[in-house]
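With numbering that gives the first Met the number 0 as the guide, the letters of the sequence shown map in order to residues 0 to 140.
Written below as structure tokens is the structure these notes are about.
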Amino acid sequence: MSNSIHGFQIDDIDGCEFVKSSNIGSLMISLHQDDESFYTGEIHVVYPDASHTTITKEEAQMLIDSGEWMVLLQEEPMKKIYRTYADTEVTMLSTEVKCPYCGNEWFEEDKNDCGNTYTLRCDDEFDNGCGKEFEMHFDAS
Ligand SMILES: [Zn+2]
């Protein structure tokens with residue numbers, strides 16, 4: 000499985016993680032919180048039928064280390080910005096864009112077909128971009 004995280008450490012749980020279990024299917028795990036939102040130090044496991052349980056971190060780590068659980072890599076959905084002719088220098092046909100991740104601004108040429116979505120990269124060639132990709136949707140207004 001190419002999109003699972005090798006060597007996942009249970010303390011690396013970020014919010015919740017999706018797990019593929021070799022015998023149960025898809026699970027969701029998170030740090031367990033009690034009724035008053037205190038972390039109990041245990042792991043909250045939600046099963047495909049929405050039933051749930053808590054196990055210790057050691058038990059969870061053993062399931063991961065043994066390969067019974069594979070923690071899946073979560074791809075963040077790509078961010079998207081919207082631009083129109085009002086943002087475009089018509090004589091140059093360059094559209095001013097701004098990276099939704101880091102705020103870096105620059106001009107893109109010939110990316111102004113109405114109704115089109117372009118995938119752009121916040122370039123780091125001048126050391127001021129973050130290298131992330133995002134979508135830009137262009138429309139007349
Ligand atoms: Zn950026």
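Idealized CB from N, CA, C, for every residue including glycine.
- Met-135: not part of any alpha helix (DSSP H); member of the beta strand (DSSP E) spanning 132 to 137, first to last residue.
- Per the DSSP secondary-structure output, Val-45 pairs in a beta bridge with Met-27, His-51.
- Proximity to ligand 1 was defined by a C-beta distance below 6 Å to any of its heavy atoms, and the residues meeting it, in sequence along the chain, are Cys-98, Tyr-100, Cys-101, Asn-103, Cys-121, Gly-128, Cys-129, Lys-131.
- Rounded to whole angstroms, the gap between the alpha carbons of Gly-40 and Arg-82 is 46 Å.
- Inclusion of Thr-94 and Asn-115 in the CB contact set at 7 Å is not warranted, their separation being larger than that value.
- Contact fails between the stretch 63 to 74 and the stretch 86 to 102, because fewer than three Cβ pairs, one in each stretch, are under 8 Å apart.
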